[in-house]
């Protein structure tokens, strides 16, 4: 998701001054000004004249690459300001950005259950798609109606970030099995 921020250019001098601004994004990223330039997302723009003892707010947007980036990764966006004066002065600002942790997982039950009877068994197939950027280690457990049991070994499920995996679990209904909800818990 894009991240927005605002920086302010203050004029502490004794005469109006303007700046030409240029952005340089890290490899694979996009950066742009949202309120400067001819269109939103432009890589360059001008503050216009800023009166003495005043400021101009400049809005920036940073968009990560389409490929998932590891949580905690640090990048730098470079913002260059060139004064609009006879003696041009160039100032480089390095804006550090850090990729936040995304914990997103989708789980789908791919098995159609139909009507189950006592003294029967069923194998449930779950598909997991990890859409986040940190590794998961899940401890599975089931919440079952009375008379049901798990016949599969419930081992820790390792799911590296940006991967998918299928899980198969077999359940057995005893002679006195009751109807009800079957819940799979994945504790991280």
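Residue numbers (the working numbering): 292 to 479.
Yeah, the Cβ is synthetic: ideal placement off N, Cα and C, and Gly gets one too.
From the options, residue whose alpha carbon lies closest to that of residue i
| i | options | result |
| --- | --- | --- |
| residue 307 | 382, 435, 342 and 456 | 342 |
| residue 482 | 388, 417 and 476 | Nothing can be reported for residue 482, as the shown portion of the chain is limited to 292 through 479. |
| residue 394 | 295, 458, 359 and 330 | 359 |
| residue 470 | 440, 292, 425 and 447 | 440 |
| residue 344 | 294, 303 and 449 | 303 |
| residue 448 | 467, 295 and 419 | 419 |
Segment limits, beta strand (DSSP E) that includes residue i
| i | result |
| --- | --- |
| residue 336 | 335-337 |
| residue 439 | 439-441 |
| residue 296 | 294-302 |
| residue 462 | 455-464 |
| residue 345 | 345-354 |
| residue 315 | 310-315 |
Rounded C-alpha distance that separates residue i from residue j
| i | j | result |
| --- | --- | --- |
| residue 465 | residue 437 | 9 Å |
| residue 297 | residue 323 | 12 Å |
| residue 444 | residue 461 | 9 Å |
| residue 309 | residue 373 | 9 Å |
| residue 407 | residue 392 | 41 Å |
May I ask you to verify whether the region 358-371 touches the region 314-326, counting CB pairs closer than 8 Å and requiring at least 3? yes
Any beta strand (DSSP E) of 3 or more consecutive residues that is wholly inside the region 374-432: 381-389, 396-400 and 412-421
With three or more C-beta pairs closer than 8 Å as the rule, is the region 400-410 touching the region 427-437? no
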